[in-house]
Amino acid sequence: MKLDELLKEYAELEATLADPAVHADQNKARTIGRRYAQLSPIVATYRELETVRDDLGTARELAGEDPAFAVEAEELAARVPALEERLKHLLIPRDPNDTKDILMEIKAGEGGEESALFAGDLLRMYLRYAERAGWKTEIIDSQPSDLGGYKDVTVAIKSKGDEGVWSRLKFEGGVHRVQRVPATESQGRIHTSAAGVLVYPEVEEVDVQIDPNDLRIDVFRSGGPGGQSVNTTDSAVRITHLPTGVVVSCQNEKSQLQNKETAMRVLRARLQAIAEEEAAAEAAAERKSQVRTVDRSERIRTYNFPENRISDHRVGFKAYNLDHVLDGELSAVIQALLDAETAEKLASHSSTS
């Protein structure tokens, strides 16, 4: 979208937000507010750049009469390139899902109980990161393992502000590998296991239309670690989307209706993610992305406990503060991924402009 179009949109959003009637619908007001906040830095930078350019022109006109204006003109001229560069970065096309909240699934993989324990460590890492960011979290389904980890756990993460969770956690999807001496190992040998992370933007019901005839819904009794029964009624729900084969189960809620609603919430997000990935894969068929999100089977990161090292293999990030990262200090890792995305978009924008 061109700059003049963004400026026009910003003015329209500003007028809309000034209308008290809009705030009667909190979801609508939140969506508009997020877009307004997203455009605000662009507009502020553009206005600052225009002001500096105007002042520069005036200073140059007056420099012949007063040498003080010549000094001011030099100072103003020095500010223009930095502002132009900042505006160029701000005008990079954003991921349309960046303002959205997310659903995240963490699944134990290779390594048995050790993998399930690692899945629990990853869950805690993301919960702590969300807490530091001031986000709201909700575990909407889980299958605990016998030793305290998780075979499978799904968590919803919501932002309380204008920045969506997707913009920060969209690159977490993939295979996470851990190297450590497991609690189940008596010989002290370093063991390698893995857990998978899936990240979906949360979508509204109106965004994804699902034909009820395409669904097979089964109910069963909720179970806990070791196969123990949690509920005495068939409240757990399993939904199969027949055209795609996607299966979603939910058993954490107390009623069958609540579990069905939660399962549908996850199903909508999965189906939307599949559609977007297929479109992205087709569009990028001839271009290999530096930060890949489509191939969720790819090993993206290694957590090495003996060396207290974390490595992200996509962008070459490496740090020796694994203990802090697992306590939720993910900012440096995430920033490295965001910087790589920005560099890629700048290069792509330059080659097409």
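Sequential numbering of the sequence shown, starting at 1249, is according to the working numbering.
Where is the CB? At the ideal position from N, CA and C, for every residue including glycine.
When the options are compared against residue i, the one with the closest alpha-carbon
i       : options                            : result
GLU1358 : ALA1367, ASN1569, MET1352          : ALA1367
THR1488 : ASP1459, LEU1304, LEU1463, TYR1448 : LEU1463
LYS1408 : GLU1253, ASN1275, ASN1507          : ASN1275
GLU1361 : SER1393, ARG1376, THR1440          : SER1393
ARG1342 : ALA1364, THR1299, TRP1414, ALA1325 : TRP1414
SER1596 : ASP1346, PRO1268, ILE1340          : ILE1340
ILE1345 : ALA1277, GLU1332, TYR1448, GLU1298 : Per the sequence shown, residue 1345 should be read as Asn rather than Ile. The candidate whose alpha carbon is nearest that of ASN1345 is TYR1448.
SER1363 : ARG1376, THR1347, LEU1395, LEU1338 : LEU1395
ARG1327 : ASP1587, ASP1252, GLU1296          : GLU1296
GLU1375 : GLN1504, GLU1577, TYR1284          : Sequence check: residue 1375 is Leu here, not Glu. Among GLN1504, GLU1577, TYR1284, the Cα nearest to that of LEU1375 belongs to GLU1577.
VAL1429 : LYS1418, GLN1520, LEU1365          : LEU1365
GLN1506 : MET1352, THR1306, VAL1467, GLN1520 : VAL1467
Exposure label - residue i; buried when at least 16 CB within 10 Å
i       : result
GLN1499 : buried
THR1492 : exposed
GLN1286 : buried
ASN1461 : exposed
GLN1538 : With a pLDDT of 38 at GLN1538, under the threshold of 50, the modelled position of that residue is not reliable, and no figure is offered here.
ALA1533 : Caution applies to ALA1533, whose pLDDT of 48 falls short of 50 and renders its modelled position unreliable; the value that the coordinates give is listed next. Exposed is the call here.
ASP1349 : buried
THR1347 : buried
ARG1513 : buried
GLN1435 : exposed
ARG1518 : buried
GLN1457 : exposed
Sequence-distant residues of the same chain with beta carbon closer than 7 Å to residue i, five excluded per side
i       : result
LEU1574 : ASP1369, MET1373
LEU1254 : LEU1287, ILE1290
LYS1502 : SER1483
ALA1584 : ASP1560, VAL1563, PHE1565
Same chain only: Cβ atoms within 6 Å of residue i, ignoring 5 sequence neighbours per side
i       : result
ALA1318 : ALA1311
ARG1416 : ILE1582
ILE1405 : ILE1350, ALA1378, TRP1383, THR1385, VAL1413
Short Cβ contact (7 Å threshold) for residue i with residue j
i       : j       : result
LEU1371 : ILE1388 : no
LEU1304 : ALA1321 : yes
VAL1451 : ARG1557 : no
VAL1485 : ALA1511 : yes
LEU1324 : VAL1300 : yes
Chain-order list of residues whose beta-carbon lies under 8 Å from that of residue i (same chain, five-residue window excluded)
i       : result
ARG1334 : THR1293
GLN1427 : ILE1438, HIS1439, THR1440, THR1550, TYR1551, ASN1552, PHE1553, PRO1554
VAL1270 : THR1264, LYS1276, ALA1277, ILE1280
GLY1474 : With a pLDDT of 46 at GLY1474, under the threshold of 50, the modelled position of that residue is not reliable, and the figure given next carries that caveat. Excluding residues within five positions, the ones whose Cβ falls inside 8 Å are ASP1394.
ASP1571 : ASN1556
query: Is the region 1376-1390 in contact with the region 1439-1447, if contact means three or more CB pairs nearer than 8 Å?
result: no
- prompt: Pairing CB atoms from the region 1395-1405 with CB atoms from the region 1560-1576, are three or more of them under 8 Å?
  reply: no
query: For the 8 Å Cβ check, are there 3 or more pairs between the region 1546-1558 and the region 1411-1427?
result: yes
query: Is it true that the region 1288-1301 meets the region 1254-1265, where meeting means three or more beta-carbon pairs spaced less than 8 Å apart?
result: yes
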